[in-house]
Every structure is written in C-alpha cells, then in structure tokens.
Amino acid sequence: MEPPAAKRSRGCPAGPEERDAGAGAARGRGRPEALLDLSAKRVAESWAFEQVEERFSRVPEPVQKRIVFWSFPRSEREICMYSSLGYPPPEGEHDARVPFTRGLHLLQSGAVDRVLQVGFHLSGNICEPGSPGEPERLYHVSISFDRCKITSVSCGCDNRDLFYCAHVVALSLYRIRHARQVELRLPISETLSQMNRDQLQKFVQYLISAHHTEVLPTAQRLADEILLLGSEINLVNGAPDPTAGAGIEDANCWHLDEEQIQEQVKQLLSNGGYYGASQQLRSMFSKVREMLRMRDSNGARMLILMTEQFLQDPRLALWRQQGAGMTDKCRQLWDELGSEEEEEVAATSPRHTVFGRALQAGELHWNDAYLQRILASDSYGPSLTGSMGGDKPTFDPQGRPLWLGEPFPTACARVDTLRAHGYPRQALRLASAIINTLRLQQRHQLESYKQQKKELIQKGSTCITNTEGWVGHPLDPIGCLCRALLEACRLEEETLTLYPDSGLEKRKVAYQHVPVPGSPGESYLVLALEVALLGLGQQRALPEGLYAQDKVVRNEEQLLALLEEVELDERLVQVLRKQAGLLLEGGPFSGFGEVLFRESVPMHTCARYLFTALLPHDPDLAYRLALRAMRLPVLETAFPAGEPHPSPLDSIMSNRFPRWFILGHLETRQCELASTMLTAAKGDPKWLHTVLGSIQQNIHSPALLFKLAQDACKTATPVSAPPDTTLLGIALELGLQVMRMTLNVMTWRRREMVRWLVNCATEIGPQALMNIMQNWYSLFTPVEAATIVAVTGTTHATLLRLQLDTPRREELWACARTLALQCAMKDPQNCALPALTLCEKNHSAFEAAYQIVLDAAAGGLGHAHLFTVARYMEHRGLPLRAYKLATLALAQLSIAFNQDSHPAVNDVLWACSLSHSLGRHELSAIVPLIIRSIHCAPMLSDILRRWTLSAPGLGPLGARRAAKPLGADRAPLCQLLDAAVTAYITTSHSRLTHISPRHYGDFIEFLGKARETFLLAPDGHLQFAQFLENLKQTYKGKKKLMLLVRERFG
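Heads up: the sequence shown begins at 244 in our numbering, then just goes up one per residue.
See below:
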C-alpha cells in the first residue's frame, strides 16, 4: 500500500500546511529558525521536564511553552509503525484493517474537534460517521507524551489490540500537521499556582459540580485525608500532576500494551495450526524487526514478551511427553523467533537448534578492539594499526581489513544485528571485511585444489568440505550479507511505508552502484552479487530432516529472487562471468566442480539463473555451467547412466533414499534446467545434441523425461513459424527413451505417452513414423502397437497431415499391416481383432490375420476372444467363417448345471442362432458341441425352443433349405431334447440334496419349466409322471416339499 502524499522525512513535522510547526513560516521567507526553538527542540528530545525544573530554579513561561510544544512526536513514521500491520492485508481491505489509514481518513474528513494540549497531555474528540441508518459516534481521546514519544493512550472506543486505534492516530496526526492550531496550556499545576484561595475553592467546586457523579466520592476521600493532620498525603510535598510530564527516573519509551501482546501471542499459539494465526505471528515478528531498525527499545521488550509466551506454550510439554516433533508450522514460527533472538548475535555451535544458538548469543561481545576499528572507519588499513598477532592476518594483500575472529555465519549475524538496530554504515564495513575474507579463502582453496586435482579426478569422488552449508543455515548468513549490501544500493523515494517488510512485493526495486570506500572500482552491488554466488555455488551436504531440507530450497529461492531484482549491467556481467569461471574450477569447494560428494545439494536452481543471465553475453560459458549442474550425484551412484528408476514414474523412492525427502522437488528443478537449455538451444544443432546427451545421462525419471519431450515438441512447432526439425528430433528421441524405460511398467500414462509419440513422429515425417512401427518390439507392447500405433498412424487425419502420394501412402499402410500381424502373432488374444480390422482392405493380409486366429484357437485362444472375432466376421458378411470360429469357441466352453448366468450365455445363444440361420447341415454339426459343452438345463431348453420356432436356413444369412420347422422329436433336435431332459433330472437331484425350506418355492418353479421341456417329447407326460414319482419316493422325508409338489403337479 502506498503511503499518503503528505509525508516528510523523520525528525521533521509533516503536513501540507506547515512543514515545521514552529518556524515554518520564517524559514519559508528565508529566515533562520529562532534560537529559542532550536534549543527547546533539543531539550524536549533529551530531558525529562522534571530535570529541567531541577536544573533551573526558574523557567520563564515562554520557554516552558516551547519545550512543551516540541515534546510531542514530530514524525509520522513512529505513529505509522505503532498503528499498522506488519504485512499487507488482502486487496480491498486496507481501509478496514489498518488503523493508520483509517485515522488519516478521519483527519482528512474533519472528524477531529476540540483539541487541547495541557502540558504533556493532549485531548480531543473524534466524531466517526456511523453506518447507514446509525447515528455518529463520538470518542474522547487522551494522549500523554514525553521526550517526543507517546507514553500512554486512552480512547472511548475501548480498543483491545496491539496497535493504536484510528482515533488515537487521527488526534496524533492532527497535532503533528496542525500544531499551531492546537490550543496550548502549561501543565495544570502551573495554572493552579497562580490562583489565590478563593479562586482555588471556586475551581474545585466547579470541577466537582461538573463531574459530581464521577468524582464526588474521590473528592470527599481526598478532602478527609487532607484534613487529617497525620495522613500520608500530608507527609508528601506537592501533589501529582498528570500534565507535568515524566520524572527523571521514568523510562522513556513509546506506549506498548504488554498485557495485550502476551494475551494475543498466547491465543495465536493455541491456534497455531491455522494460516491466519501463523500470519499474524509473523506480522508481530515483522513489527519487532521494524522497531529494532528504528532503534526503538520496545522491539526488545516485545520480543521478550513473545519469547515468554512461546516458552509457556503447553504443547511443548505435550510433545516432550509423547516424544513427537513439532509440526512444520510451529517449527517455522520457532525458527523465526530464534532468528529475532539471534539479532543480538548468534552462537557458533554447528549442531544447535536456532533457539539454542540465540541463547548462547550472550557469550559473544562487541568490545574487541580490532572489530571496533573495522566498524569505526571506512579507511581502516595496515597503516593505521599492527597485526592481530598469531598466524591470522588482519588485512588482505590489497590492504583491506579481514574479519577472522569467528565462524562465517556468526560474523554475518553480526552484520544483520547492526543493520537491524539502525547501524547501516557499520554493517556495511563489517560486511566488506567478511567478503574480503571470503575472497582470500577462495584463492587459497583454488590453490589447494590445483595441487590435488589429478588425484581427486582419478578417484571420482570427494568428501564434503562443508557439513553445514551457508544456504539454508539457521542464521541465513548469505541472506544477511546480501540484504545489507543491496539495501545500501536501493534507489527508493523517501516515503512512509506501512508494510516495511513487504515493500519489495509492491513495486519493482531499482539499484545503483554505490562505491565501497577504500576499494577503488568496487561497489556494494558488486559485492552483493559476488557473495550471493559464492554461497549459492558452495558444495554442501543435504541436511537431515524434511524441514531442514525444505528450508534449503526456500532459502535458495529467496536469494535468487533477490538477484533477479538486480538489473545486470556490463559491470555486473563481468562479475557474473568471473564467478561462473571460479565455480567451474572450484573443485570440492564448489557445487559446480568436476568431482562431487554423493549427497551434496544439487545446483539446478542456481544454474538456471546463471544460465539465463549469462546466455546473452557468453553462451559458451552459460552452457558449460548449466551442463555441469545437470548432475544429481545421489542418483548417479544409485543408477548407472541409462538405468531407470525401479518405479520409473515415481520420482521419490523413500525405500532407496530415506533421507532425501525433497528428491522429487530436486528432480523437478533438474528438469526445469534442462527445459530452459533446450528452449535456448533451438536452432543450434550442436548445443541441442549436447544438451540431449546430458539429459539422457542425468535424468532418471521417465515422467520428467516425458515432460521434457512434450515441452521440446511444443517449442519446436510454433503456430506461426516453420518447425525446428532438429528440436523435433530431440523430442522424439526423448520420447523413445521414455518408451524403452517404461516398456515393462503398467501405468495409465503409457497410453498418453504412446499417442504423443505417434503425433511427434507424424510432425517429423512418414519415415519417422515407419521407423517406430518397424522397431515397435523395443518400444511398445503388442496391444499398444496394434491398437494405438498402427491405428493412429493410418487415420485419415494423419494421412492428411503427412500429405503423401499414393505409393508412399501404400508403403505406410503396408508397414502398419505388417506391424498388426506381428502383434497378432505375439499376442493373439488382444491383438487378433485389431489386426483383422486394420487388414480389411488387403485380402492377403486379412487372410493371414484370419489364419493367425485359427492357429491361436488350436493353441489355447480363449472362447471369449473367439466369440468376439466370430461376431466381427458375421458383421463383415462372412457367416461361414463366423460359424467356424463359433464352433471352435464352443469346443473350449463348459457351462455347468448351475451356471444359468454364465458370461458366455449370450455368445452361445448367438452361435446357435447363427447355425440355425445357415441351415440344417450347420445346425446338425453344432448340436453335439452344444450337448458336450452345456450342462445347464434351462439353457438347453431355451436353445431347443428357439430352434423349433422356424425352419432352419430362413435367417438373413442363410439360403432357404427347409419348408417347415424342425420337430423336437426328430433328428437332429431329438438328441438335444434328451440332453435337456437328462439335465433337468440331474439338476433336480443335485438341488434336492442340500435344499432348504426357503428355496422350496424356487424348486417348484424349476419343476414347472422342466415339465414344459418334458412335454416336447411324444411320451413326455409319462416321463414327467415317472420322474415325479421317483422324487416322491426318494425324498419322502421332505414332507412339506412333497406336499407342495402334489398340490402343484398332482
């Protein structure tokens, strides 16, 4: 949110009417400020009024008034700090949620009235408009102040928040902007001292009369105590005056509601799992940082109060009892708390928690003489002092100071502490000394590496030189240095910022080169870029634990976001090129070195930034750096080049890499780097093939390889330009690699990949399409090749896209047919039908496919697939071939007596209908197969009835061969009738063996269907009667059932 227009720099009153409340008019006419005002300002800032009264026996009234006048805060910056959030609220909610903005609106709308300053007390009324249909609300506001700080506030709105309410803001801004319009009186005790007895009595009585309901009890109590000679009130000289300012011993700090801070932190911690609570706590941390930067003692007070509440969080004991770790959100909040504590300088133990480091901060001090000399001067050099003693030099060969007194992260925490507490120049001096030290160490490391380079390269591995890296470190050393250096180079209008820690998100930040004193040709902007690249390029081990690893990633992204804000000029590009070269030659100290530790943090994200930044200026260096960074050492040792993951489409293998919780994220970043290089190399075959080789060697996730292939294909085929054939070939090659890696893995993405590969080959041309068809066995399963590759490659859309002449089109068709036949031979069960479909227009190929089906039937091709192909043949107008396949299917089929709902029922009925339509001969041939394969009585009787309804050969597929329907008692149906009757008898006995009373009704219905079948025979009545009699004799023990049989059938 942009600050209001009417603002001015710190220390001067801000207002459109009066730039300086006391002497603005005089200065506006070119006259100097009055000596009285100059001296009154200094006294008002530094001395409590009690000290003034003790120092001078008599202070003239005009002087008192000027001191009182200048004792009110003169800058709106502090008012803003104590009345605004630490983070920007959602868009559209600024006025509703930010007290400073609301107070400013009240001031501008004329809501402030009856303002009176009595000594060090300011009061006024704020008339706030009500909601529609509601009356205006009047609030009385009182403010006490001392030495240019507001020390207490009171408002009729009963605000319960960390910050001043809008009404306090409105009155404060009115006093700052319209100071000369405020009626000013000396402290009330001064006025009372000028009254005689009668006047004092009248004053008291009128005061009691005006407020008798509120003050009468208090007035009577005080009167009683005064009239009592030995009372405590009579033993004290003078009387309290709330308008007389603070005493000498009183603390001089801004009003801060400590109780409300404690209560709010406690409440927010109890709701720590919610996003809003975490955001508000971060807002409070941000407010602490803002106060520290302003050198406001309330920053430390507020941090102490927050720390106490964190330590009293009841969940700590619970987690300790359960042996459980903190949640990630709580860990982040503790991390931030520890970071604030560390601004008092962090401890050095490498394995301590963030909070533990902060607790050890007290062991460090600032009274080191050498450190003090570094902080005190920009020109400190060897000519001004001697050596520190011992072996550690105090200056580099150029005579610039070094800081070797402590570990690098702790030294950087000192820089952040100086910056946070409002000492930016000292922070820059120490930062320069630290960077001088880093440069010297880098030179020594390079010299050491050159001596052992040959041995390390032959060995092929190295040990880690930094067990605790600088990026992701709890103290964020690189971030501390970068922020301090960049802040010095920022081009920013001097304006009031409501959200100091989020201003970078609101507008693009511009930077300029600011020279480093004592280092000709260098600037703080150059140092910031250099130290950022040193930290980001450091070879370091991946820390243990998900949270620590996630912190490495987030810290790296934050640093790169800072660098991306810096616009690179020629000077910075030279630094970039130099540092890139040093990173490539850095050996075991650099993440871009030739030899890496197995579990070192990959450089993909950093390399992507460097590649993009260097590409316009030095393409060769950019590609060398990015290609070197493509490595992922932990996977290189697990999988030799070209070997895929055990689970190729799952990039996170917790069983193989239990420590690498962020492996999936790292592989994604690796893929993004590769994609950036492929896109940049478009049109350059040399680099395209080099990048392809690196991708094939270093990326082991088929899912990411497939994404790369898709991105490359999209980049190679822009809508308004001809395709890049080289890049298309790269995309196809990546796709082929994915196909080979995932050939034996069943996944739902395979079909998508296969279709994409065919489309990509189509974009390249017919030869590429025919090549994948001819080499299908190493790329696709038979089903994929027959149902996707061959079909998609010969669709009308594909042929139109290829624009082939007749010979080439026929060549493509022949290739597809050959592919289909090969697939049918390899997997007839799933590929026979697709092969037949594809070969329909070629007689010889169709015959070959049909023969494959016949051969497969002999080799065990299932009845379901044979029925499917048989139906296809009938659909194609080949009923005899359909009949042949149906008989082969029936020969493999077996339906038991109780399988009425067998999945092949419909196929069997269809086959029977087909044979009946062909004629008596085909019908006679299929009856024995039916009798042998089907033992289900209802099915047999159903088939028998269907065949007796019409004469055979009368169907649409057969010729007329008989004049009348066949009888069930004559051949060939008599055999089927006998089989059906036998099946009913067998099934009845089988069901009665284990029948229960609840199934009696079903059995009676079953007997009714059996009688219908029995009656188809000439002596069916007799046979059925004998069958029933047999049942009655055999199962006479089932009396209830037999009673039901007699009732139904007699």
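Even for Gly, the Cβ is constructed at its ideal location relative to N, Cα and C.
Model, not experiment: these values are computed from the prediction.
- Excluding its 5 nearest sequence neighbours in each direction, Leu-947 has C-beta neighbours in its own chain below 8 Å: Ser-894, Glu-910, Thr-911, Gln-913 and Cys-914, listed in chain order.
- Boundaries of the alpha helix (DSSP H) around Gln-1218: 1216-1236.
- Distance from the Cα of Leu-661 is smallest, within the candidate group Leu-772, Thr-680 and Ala-727, for Ala-727.
- In the displayed model, Asn-798 falls within a helix according to three-state DSSP.
- Per DSSP, Asp-621 is not a residue of any alpha helix (DSSP H), being assigned neither H nor E.
- In terms of Cβ geometry, Leu-931 and Leu-979 do not form a close pair [threshold 9 Å].
- Remark: C-beta atoms of Phe-363 and Pro-305 do not approach each other more closely than 9 Å.
- The three-state secondary structure of Arg-380, taken from DSSP, is strand.
- Assigned with DSSP and collapsed to three states, Gln-1276 falls in helix.
- Annotated as proximal: Arg-428 and Leu-359, with beta-carbon spacing under 9 Å.
- DSSP, reduced to helix, strand and coil, places Gln-781 within a strand of the structure shown.
- Comparing C-alpha distances from Pro-650 to each of His-1118, Leu-681 and Ala-1147 shows the shortest one belongs to Leu-681.
- For Arg-1044, the enclosing alpha helix (DSSP H) starts and ends at 1039-1045.
- Arg-464: member of the alpha helix (DSSP H) spanning 455-470, first to last residue.
- Where Cys-398 is concerned, the enclosing beta strand (DSSP E) starts and stops at 392-398.
- Sequence-distant partners of Ala-771 (beyond 5 residues in either direction) whose C-beta falls short of 6 Å from its own C-beta, in its chain, are Cys-725, Leu-728 and Leu-729.
- Judged by beta-carbon spacing, Met-534 lies beyond the 9 Å limit of Met-873, meaning their Cβ atoms are not closer than that value.
- Cys-1179 and His-1242 have their C-alpha atoms spaced approximately 19 Å apart.
- Taking the Cα positions, Thr-1049 is about 33 Å away from Leu-1097.
- Here Val-759 carries a strand assignment [DSSP, helix/strand/coil].
- In the assembly as shown, Ser-314 is a buried residue. Its beta-carbon has 16 or more other beta-carbons within 10 Å.
- Around Ile-1138, the same chain offers His-1145, Ile-1177 and Cys-1179 as residues with beta carbons nearer than 6 Å, after the five sequence neighbours per side are excluded.
- In the DSSP annotation of this structure, the continuous segment of the beta strand (DSSP E) that includes Asp-356 starts and ends at 355-361.
- Leu-1076 and Leu-1136 have their C-alpha atoms roughly 20 Å apart.
- Closest by C-alpha distance to Asn-679, out of Pro-625, Glu-690 and Leu-647, is Leu-647.
- The shortest CA-to-CA distance from Leu-1259 to any of Arg-420, Ile-1247, Gln-1218 and Thr-486 is the one to Gln-1218.
- Inclusion of Val-396 and Tyr-407 in the CB contact set at 9 Å is warranted, their separation being smaller than that value.
- For the options Thr-855, Pro-763 and Lys-957, the alpha carbon positioned closest to that of Met-920 is the one of Thr-855.
- For the 9 Å CB-CB criterion, Phe-1110 and Asp-1150 form a contact.
- In the three-state reduction of the DSSP assignment, Leu-671 falls in the helix class.
- For Cys-496, the CB contacts under 7 Å within the same chain, skipping 5 residues up- and downstream, are Lys-392, Ser-540 and Asn-541 in chain order.
- Counting C-beta pairs with one atom in each stretch, the region 801-809 and the region 656-670 have fewer than three that are closer than 8 Å, which means they do not touch.
- Within its own chain, the residues whose Cβ lies closer than 8 Å to the Cβ of Thr-1035, once the five positions on either side in sequence are excluded, are Arg-998, Val-1001, Asn-1002 and Thr-1041, listed in chain order.
- By the neighbour-count definition (other C-beta atoms within 10 Å, threshold 16), Met-537 is a buried residue.
- Of the candidates Ile-1174, Lys-950, Ala-753 and Leu-1166, Leu-1166 places its Cα closest to the Cα of Ala-1194.
- Pairing Asp-793 with Val-877, the inter-Cα distance amounts to about 17 Å.
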